[in-house]
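Number of protein chains: 2
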Amino acid sequence: MSPELHINLANLRSNVRFYKEMIKSNVEISAVVKSNAYGLGITKLVPALEKYGIKIFFTATLAEAIKVRKCSPHSEIFTLNGFDFQNSDLYLEFDITPVVNNLLEAKKFTEIFDQSHKTALQINTGMNRLGFNEKTLVDHFDIINSLPLTLILSHLACADDVPNKENKMQRDLFSRLCKNLPNTRKSLSASHGTLLGSEYHFDMVRPGIGLYGGLKTNGLKQVIQIKVPVLQDFVIDKDMQVGYNFTYKAKKTMKVATLAMGYADGLPRILSNRGKLFSGNKSCPILGRVSMDLVTVDISSLPDTPNHLTVFSPEYHVDNFAKDCRTISHEVLVNLGERIKRIYSE
Amino acid sequence: MSPELHINLANLRSNVRFYKEMIKSNVEISAVVKSNAYGLGITKLVPALEKYGIKIFFTATLAEAIKVRKCSPHSEIFTLNGFDFQNSDLYLEFDITPVVNNLLEAKKFTEIFDQSHKTALQINTGMNRLGFNEKTLVDHFDIINSLPLTLILSHLACADDVPNKENKMQRDLFSRLCKNLPNTRKSLSASHGTLLGSEYHFDMVRPGIGLYGGLKTNGLKQVIQIKVPVLQDFVIDKDMQVGYNFTYKAKKTMKVATLAMGYADGLPRILSNRGKLFSGNKSCPILGRVSMDLVTVDISSLPDTPNHLTVFSPEYHVDNFAKDCRTISHEVLVNLGERIKRIYSE
Numbered sequence: 011m012s013p014e015l016h017i018n019l020a021n022l023r024s025n026v027r028f029y030k031e032m033i034k035s036n037v038e039i040s041a042v043v044k045s046n047a048y049g050l051g052i053t054k055l056v057p058a059l060e061k062y063g064i065k066i067f068f069t070a071t072l073a074e075a076i077k078v079r080k081c082s083p084h085s086e087i088f089t090l091n092g093f094d095f096q097n098s099d100l101y102l103e104f105d106i107t108p109v110v111n112n113l114l115e116a117k118k119f120t121e122i123f124d125q126s127h128k129t130a131l132q133i134n135t136g137m138n139r140l141g142f143n144e145k146t147l148v149d150h151f152d153i154i155n156s157l158p159l160t161l162i163l164s165h166l167a168c169a170d171d172v173p174n175k176e177n178k179m180q181r182d183l184f185s186r187l188c189k190n191l192p193n194t195r196k197s198l199s200a201s202h203g204t205l206l207g208s209e210y211h212f213d214m215v216r217p218g219i220g221l222y223g224g225l226k227t228n229g230l231k232q233v234i235q236i237k238v239p240v241l242q243d244f245v246i247d248k249d250m251q252v253g254y255n256f257t258y259k260a261k262k263t264m265k266v267a268t269l270a271m272g273y274a275d276g277l278p279r280i281l282s283n284r285g286k287l288f289s290g291n292k293s294c295p296i297l298g299r300v301s302m303d304l305v306t307v308d309i310s311s312l313p314d315t316p317n318h319l320t321v322f323s324p325e326y327h328v329d330n331f332a333k334d335c336r337t338i339s340h341e342v343l344v345n346l347g348e349r350i351k352r353i354y355s356e
Numbered sequence: 011m012s013p014e015l016h017i018n019l020a021n022l023r024s025n026v027r028f029y030k031e032m033i034k035s036n037v038e039i040s041a042v043v044k045s046n047a048y049g050l051g052i053t054k055l056v057p058a059l060e061k062y063g064i065k066i067f068f069t070a071t072l073a074e075a076i077k078v079r080k081c082s083p084h085s086e087i088f089t090l091n092g093f094d095f096q097n098s099d100l101y102l103e104f105d106i107t108p109v110v111n112n113l114l115e116a117k118k119f120t121e122i123f124d125q126s127h128k129t130a131l132q133i134n135t136g137m138n139r140l141g142f143n144e145k146t147l148v149d150h151f152d153i154i155n156s157l158p159l160t161l162i163l164s165h166l167a168c169a170d171d172v173p174n175k176e177n178k179m180q181r182d183l184f185s186r187l188c189k190n191l192p193n194t195r196k197s198l199s200a201s202h203g204t205l206l207g208s209e210y211h212f213d214m215v216r217p218g219i220g221l222y223g224g225l226k227t228n229g230l231k232q233v234i235q236i237k238v239p240v241l242q243d244f245v246i247d248k249d250m251q252v253g254y255n256f257t258y259k260a261k262k263t264m265k266v267a268t269l270a271m272g273y274a275d276g277l278p279r280i281l282s283n284r285g286k287l288f289s290g291n292k293s294c295p296i297l298g299r300v301s302m303d304l305v306t307v308d309i310s311s312l313p314d315t316p317n318h319l320t321v322f323s324p325e326y327h328v329d330n331f332a333k334d335c336r337t338i339s340h341e342v343l344v345n346l347g348e349r350i351k352r353i354y355s356e
């Protein structure tokens, strides 16, 4: 008995529509599907997203891009983590467009490919993570300008922080650096950046987490729920202890249940004695340490022992869960383990 | 370009030998291989462990047990998370022995199977997670006694805390409760418990994390190393910032590198501005936030930009890494992502 990850494709469709309605008709919408579509499964999500009108996909790695191609014969596919030039034949074979992030990759691209295979260019507008900075762009403009570019992109560092003036600074720098490459599509914004307004949309937006229900924003719907089977229930008396290192001691007689989800499945150990599971809207606090494959919770408030509890509730969003894990919803999603069965509903 | 997880099977063999030398000749050694052999891969680890003399395996779930059976036709395989009686036919088909954890499972077992299919029994000696407590054992001894038992087991809560008196209390309770079921093998200890001494070994020990190099103990060897490819290097000036939300600002000119590993791969986001990667023994501090697929580090102290850095060093063990992640090595191992290529060496 293992947890089930229920993925609501109707709500995924609604979130695609939310982003489509936010952008002008001449702006393209793509989807970021790296890390196995944020843990939800490339092979099911990519065909669904295509059905909802998305024709452009971004992955991190070449291996992921090939996985996308195998379930999407006609889409445009980009690899954000650069041009893996030692495997250049695979870009041709699977029609993958590399994002060239630095001078070495640009040189290798021009050495290996003719003008018929397109490439994208990433510009570093301040994150100092990947991409060309201004000086390299200027110093090597001849090489850049000779690339068969189909897209120029950059990435906002603080898009989740709406009033942060860095957003405008990155946008203005992006606009200025793109001026010398006028006839190519431009893209700056992912899920949060798109919400900043049309001056951040350029020619293409690239939502990811927002599509998958990881943003708690008016108009975006939850996409996932996790059902966790109850394996055993029992009554513990006052002063009895629970779990590794006996970090929980009962203050009174209580009814507890042990469930088939642990940190190997993506219920992080940091939730020990802090997290909760749900029966509808009723919360069941986690008692003691989360184990690798198991968690024990207090079900004293429930009239009966249910067959399963859930990880989220109508009021307890993926984003709330992430905060309790002291992280962001992205890390929650990509940590959902392989043992969890993915179940898709329309 | 993705990280590589290098798994040293010679050191795995050495760790098996370590545990074998610790136990008497009449004590059996098994291996816990739940959660895909702690992230290292059941299909490679189980045949290797068999070659090193292990003939008994423990998984959490039935699905994992079937995966073990498919690469190990003759071993004894137990499912720790109980008897999944709705799939009882699979226990027969794949010759899997369920660990019966409660009365419902015991009753279902006797309803479904005759005496030819064996079962194991888990006793709750204080963790209050799974298993029969004393009262249920006594009240329903007729049912328990009618089970075709091949093993009785329990689990220590505080075995990593050697002087903790709870260890002896759990052991003594286990001995006492087993007295009424004398002709069955008994097992109490996993990796840490086995180190407590022969009075904790009973008839079988069940190491897991200790085999995989997750315990920092004299005599146990490191089993894994992760090589992370460098994607890009560049120089940043004083006051330039790095990564999401610009949480790092350079105090001076420095050389940085961005590498192809992020929290989706098991480099937890909690290491943002706190963790480090290595070039040999030289540490390269993580700058700014760890991203989903990328991490940026300070390589100013290195003479050249290397092709890759490593996650561990000869002095920086999996256990040290886990402490920096504010968790234990078990969670580190099971969080290593699917994108990481597993490479096995003898």
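Protein chains in written order, with my numbering: chain A, 11 to 356; chain B, 11 to 356.
Even glycine gets a Cβ: it sits at the ideal position worked out from N, Cα and C.
Here the structure is a predicted model, which is why all the values come from computation and not from measurement.
Who are the Cβ neighbours of residue i in its own chain at under 7 Å, not counting the five residues just before and after it?
| i | result |
| --- | --- |
| Gln-251(A) | Tyr-258 and Lys-259 |
| Arg-23(B) | Tyr-62 |
| Asn-143(B) | Asn-134 |
Am I right that residue i and residue j are in contact with their C-beta atoms under 8 Å? What's the rounded C-beta distance?
| i | j | result |
| --- | --- | --- |
| Phe-95(A) | Lys-118(A) | 4 Å |
| Leu-287(A) | Val-238(A) | 6 Å |
| Arg-195(A) | Asp-213(A) | 4 Å |
| Tyr-368(B) | Gly-218(B) | Because residue 368(B) is not part of the residues shown, which for chain B are 11 to 356, the question remains open. |
| Val-321(A) | Ile-17(A) | That pair is no contact at about 13 Å. |
| Val-109(B) | Ala-130(B) | 4 Å |
From this set, the options, which residue's C-alpha is nearest residue i's C-alpha?
| i | options | result |
| --- | --- | --- |
| Asp-303(B) | Asn-291(B), Pro-57(B) and Val-240(B) | Val-240(B) |
| Pro-83(B) | Lys-333(B), Thr-69(B), Asp-105(B) and Ala-70(B) | Asp-105(B) |
| Ile-122(A) | Asp-99(A), Thr-135(A) and Leu-22(A) | Asp-99(A) |
| Thr-263(A) | Lys-226(A), Ile-309(A), Leu-230(A) and Tyr-222(A) | Ile-309(A) |
| Cys-188(A) | Tyr-326(A), Phe-151(A), Pro-217(A) and Lys-292(A) | Phe-151(A) |
| Val-26(A) | Arg-181(A), Ser-40(A) and Ser-85(A) | Ser-40(A) |
| Asp-329(A) | Ile-17(A), Asp-124(A), Gly-220(A) and Asp-213(A) | Gly-220(A) |
| Asn-190(B) | Glu-325(B), Val-245(B) and Ile-162(B) | Ile-162(B) |
| Leu-297(A) | Asn-97(B), Met-137(B) and Glu-325(B) | Met-137(B) |
| Tyr-326(A) | Leu-131(A), Gly-223(A), Asp-170(A) and Ala-47(A) | Gly-223(A) |
| Phe-28(B) | Thr-227(B), Asn-291(B), Asn-255(B) and Ser-293(B) | Thr-227(B) |
| Asn-46(B) | Pro-295(B), Tyr-101(B) and Leu-72(B) | Leu-72(B) |
| Asp-124(A) | Leu-102(A), Leu-113(A) and Phe-184(A) | Leu-102(A) |
| Ser-126(A) | Arg-139(A), Ser-156(A), Asp-149(A) and Lys-145(A) | Ser-156(A) |
| Ile-236(B) | Glu-74(B), Pro-324(B) and Glu-356(B) | Pro-324(B) |
Excluding five sequence neighbours on each side, which residues of the same chain lie with their C-beta closer than 6 Å to the C-beta of residue i?
| i | result |
| --- | --- |
| Lys-128(B) | Thr-107, Pro-158 and Thr-160 |
| Leu-92(B) | Here residue 92(B) turns out to be Gly, not Leu, going by the sequence shown. Contacts found: Asn-111 and Glu-115. |
| Cys-81(A) | Thr-53, Val-56 and Pro-57 |
| Ile-371(A) | The structure shown does not extend to residue 371(A), since chain A is modelled only from 11 to 356, so the question has no answer here. |
| Ala-332(B) | Ile-338, Ser-339 and Val-342 |
| Cys-335(B) | Pro-278 and Ile-280 |
| Ala-70(B) | Lys-44, Leu-90 and Asn-91 |
| Leu-77(B) | This sequence places Lys at residue 77(B); Leu is not what is there. So the list reads Ile-52, once near-sequence residues are dropped. |
| Ser-85(B) | Lys-65 and Phe-67 |
| Leu-312(B) | Ser-289 |
| Ser-199(A) | Tyr-210 and Val-215 |
| Asp-243(A) | Ala-267 and Thr-315 |
| Gly-141(A) | Asn-111, Gln-132, Ile-133 and Asn-134 |
Under DSSP, the alpha helix (DSSP H) around residue i begins and ends at which residues?
| i | result |
| --- | --- |
| Thr-337(A) | That residue, Thr-337(A), is in no alpha helix (DSSP H); it is neither H nor E in DSSP. |
| Thr-120(B) | 113–122 |
Only counting the same chain, and skipping five residues up and downstream in sequence, which positions put a Cβ closer than 8 Å to that of residue i?
| i | result |
| --- | --- |
| Lys-351(A) | Ser-12, Pro-13, Glu-14 and Leu-15 |
| Lys-261(A) | Lys-248 |
| Arg-349(A) | Ser-12, Pro-13, Ala-274 and Asp-275 |
| Ile-33(B) | Ile-39, Thr-204, Ser-208, His-211 and Val-215 |
| Gly-272(B) | Val-300, Ser-301, Met-302, Asp-303, Leu-304 and Val-305 |
| Ala-167(B) | Gly-136, Met-137, Glu-176 and Gln-180 |
Along the beta strand (DSSP E) that carries residue i, what are the first and last residues, could you check?
| i | result |
| --- | --- |
| Ile-17(A) | 14–18 |
| Leu-166(A) | No beta strand (DSSP E) holds Leu-166(A); DSSP gives it neither H nor E. |
| Gln-125(B) | Note, Gln-125(B): premise wrong, no beta strand (DSSP E); not H, not E. |
Kindly list, in the order they appear in chain D, the residues whose Cβ is closer than 8 Å to that of residue i.
| i | result |
| --- | --- |
| His-318(B) | Absent here is chain D; the protein component of the structure consists of chains A and B. |
*Sequence ranges, alpha helix (DSSP H) only - wholly within the segment 47–110 of chain B, length at least 4*: DSSP assignment within the segment 47–110 of chain B yields the following whole alpha helix (DSSP H) runs of 4 residues or more, N-terminal first: 52–61, 72–80 and 98–103.
*At which residue ranges does the segment 187–275 of chain A contain complete beta strand (DSSP E) runs of 3 or more residues, listed in the order of the chain?*
195–197, 234–246 and 264–269
*Whole beta strand (DSSP E) runs in the segment 274–354 of chain B with 3 or more residues, listed along the chain?*
286–289, 292–295, 305–308 and 318–320
*Just list the beta strand (DSSP E) runs in the segment 137–163 of chain B, keeping only unbroken ones of 3 residues or longer that don't cross its boundaries, in chain order.*
You should have 159–163.
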